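K.L.:
Just so we're aligned, residue 24 is where the sequence shown starts under our numbering, counting upward by one. We treat Cβ as the ideally placed atom computed from N, Cα and C, and that holds for glycine. Keep in mind the model is a prediction, meaning the values are calculated, not measured. Structure provided below as structure tokens; questions to follow.
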Amino acid sequence: PTSSTMPSKPVSAPLPTDVFKPDIFKGKVLFCTGGGSGIGKAITEAVMRHGANAAIVGRKLDRLTEIARELSNGTGRTCIAAQADVRQPEQLKAAVAKTIEHFGRIDFVVCGAAGNFLASIDGMSENAFKTVIEIDTLGTFNTIKATLPHIRATHGAYIHISATLHSRGSCFVGLFRSISLSSIGTPYQAHVSAAKAGVDALSAVLAVEEGPKGVRSNVMAPGAIANTEGMSRLANQVPPSPGTLLPYPLGRMGQVQDVASMAVFLLSDAASYITSQVVVVDGGWEQLRTPQ
Ligand code: HXC
Numbered sequence: 024p025t026s027s028t029m030p031s032k033p034v035s036a037p038l039p040t041d042v043f044k045p046d047i048f049k050g051k052v053l054f055c056t057g058g059g060s061g062i063g064k065a066i067t068e069a070v071m072r073h074g075a076n077a078a079i080v081g082r083k084l085d086r087l088t089e090i091a092r093e094l095s096n097g098t099g100r101t102c103i104a105a106q107a108d109v110r111q112p113e114q115l116k117a118a119v120a121k122t123i124e125h126f127g128r129i130d131f132v133v134c135g136a137a138g139n140f141l142a143s144i145d146g147m148s149e150n151a152f153k154t155v156i157e158i159d160t161l162g163t164f165n166t167i168k169a170t171l172p173h174i175r176a177t178h179g180a181y182i183h184i185s186a187t188l189h190s191r192g193s194c195f196v197g198l199f200r201s202i203s204l205s206s207i208g209t210p211y212q213a214h215v216s217a218a219k220a221g222v223d224a225l226s227a228v229l230a231v232e233e234g235p236k237g238v239r240s241n242v243m244a245p246g247a248i249a250n251t252e253g254m255s256r257l258a259n260q261v262p263p264s265p266g267t268l269l270p271y272p273l274g275r276m277g278q279v280q281d282v283a284s285m286a287v288f289l290l291s292d293a294a295s296y297i298t299s300q301v302v303v304v305d306g307g308w309e310q311l312r313t314p315q
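Structural data, given as structure tokens:
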């Protein structure tokens, strides 16, 4: 290819995903809910640095517009902001229409919009539980419904952002108060655990229903990832005890780029035979979890 057909050189600092070839997503378009911050933003940046354009979707248009500009400037690709609350199917359809109007196609969908707070079953209202189910699980369903015709057309791929809360029992309380759990279940996370279990199931059904049509669907389950909305809201409420040993074989918390690296792989042709999987990106947290 000539220099004019190659993606523009990224101007932001090097990232771990730079080990992938810079043009693997050239001509592709990403639609990312929750793309305005944290893991969703990092995935969008990494995918754009490999040639894709993107639409980031969220509730606050002003903030999204600012982030879209930052991502465009940092990667040399184009990112647009599309306002939608994932609980509202009509808003999502409008965000998809805006993306198609702008780019003409959607190849990848990342369902990253999520809600969370710490509350016991006894201490949360029915509406509190329902709110997180609606954002995480129904929001994922709504996003799939709104994007599926376009993903079928491009033989594209989905990534759903889940968690290990419901499947491994890793938890904020376990991390920050050195309480290890001997069975599956994370306290104060009933709403998110139920919601993310639903997300895992949705992804698996999507994978088997749409696999024959060339669509892949996988889940990424991050562990504790630094500098994210989830960690700042939840971890700050249970500060680390002095001398707490971080329970990671790799000796550090995750970074958003660690999750973005897996997303780049899963969306790339290198993962073309991988679907219906839940890929845990937690630094091996589970391996050090021992009952006390
Ligand atoms: C108890 C709460 C609450 C809290 C809200 N509610 N916060 N209940 N404890 N801390 C209740 C409200 O009282 C209300 O119920 C209901 O939830 C809806 O609240 P609203 O504020 O009206 O809803 P909304 O404006 O839609 O906001 C929903 C939200 C949102 C979920 C609270 O603000 C949000 O999503 N915040 C966090 C975003 C976030 O952290 N995302 C990253 C998740 S990462 P009533 O009965 O009063 O009407 C993640 C993975 C972590 O989850 C894994 C780490 C290892």
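(1) Report yes or no: do three or more beta-carbon pairs, one from the region 45-56 and one from the region 65-84, lie closer than 8 Å?
(2) Note down the Cα distance separating D281 from L38, rounded to an integer number of angstroms.
(3) Take A120 as the anchor and find which of Q106, R110 and V133 has the nearest alpha-carbon.
(4) What span of residues does the beta strand (DSSP E) with L53 cover, start to end?
(5) Which of helix, strand or coil does DSSP assign to Q300?
(6) Name the two residues that bound the continuous alpha helix (DSSP H) containing Q280.
(7) If you follow the alpha helix (DSSP H) that M71 is in, where does it begin and where does it stop?
(8) Taking buried to mean at least 16 other C-beta atoms within 10 Å of its own C-beta, is Y296 buried or exposed?
(9) Compare the Cα-Cα distances from R128 to each of G277, G179 and A247 and report the closest residue.
(10) My output table needs one value for H178: the three-state DSSP class, helix, strand or coil.
(11) Beta carbon of N165: closer than 7 Å to some heavy atom of ligand 1?
(12) Quick one: does the C-beta of N13 sit closer than 7 Å to a heavy atom of ligand 1?
(13) Any chance the CB of F140 is under 7 Å from a heavy atom of ligand 1?
P.N.:
Well, looking at it:
(1) Yes, the region 45-56 touches the region 65-84.
(2) Residue 281 sits at position 258 when you count from the first residue of the sequence shown. Residue 38 sits at position 15 when you count from the first residue of the sequence shown. Our two residues, D281 and L38, have alpha carbons roughly 10 Å apart in a direct line.
(3) Sequence index remark: in the sequence shown, residue 120 carries index 97 (1-based). It is Q106.
(4) Against the sequence shown, residue 53 aligns to sequence position 30. Start and end: V52 to T56.
(5) Within the sequence shown, the letter at position 277 stands for residue 300. In the structure shown, Q300 adopts coil according to DSSP, grouped into three states.
(6) Position 257 of the sequence shown, counted from the start, is the residue given in the question as residue 280. Segment V279 to L290, the alpha helix (DSSP H) holding Q280.
(7) Against the sequence shown, residue 71 aligns to sequence position 48. It spans G61 to R72 - the alpha helix (DSSP H) in which M71 sits, taken as one unbroken run.
(8) Here residue 296 corresponds to residue number 273 of the sequence shown, with the count starting at 1. Using a 10 angstroms sphere on the CB of Y296, the tally of other CB atoms stays under 16, which defines it as exposed.
(9) For the purposes of this step, residue 128 is taken as the residue at position 105 of the sequence shown. Closest by C-alpha distance to R128, out of G277, G179 and A247, is G179.
(10) In the sequence shown, residue 178 corresponds to position 155, counting from 1. Reduced to three states, the DSSP call for H178 is coil.
(11) Stepping through the sequence shown from its first residue, residue 165 is reached at position 142. N165 Cβ: outside cutoff for every heavy atom of ligand 1.
(12) Summary: the structure shown does not reach residue 13, with the chain confined to residues 24 through 315, and so no result is reported for it.
(13) What you label residue 140 is simply residue 117 of the sequence shown in a count that begins at 1. Under cutoff, so the answer is yes.
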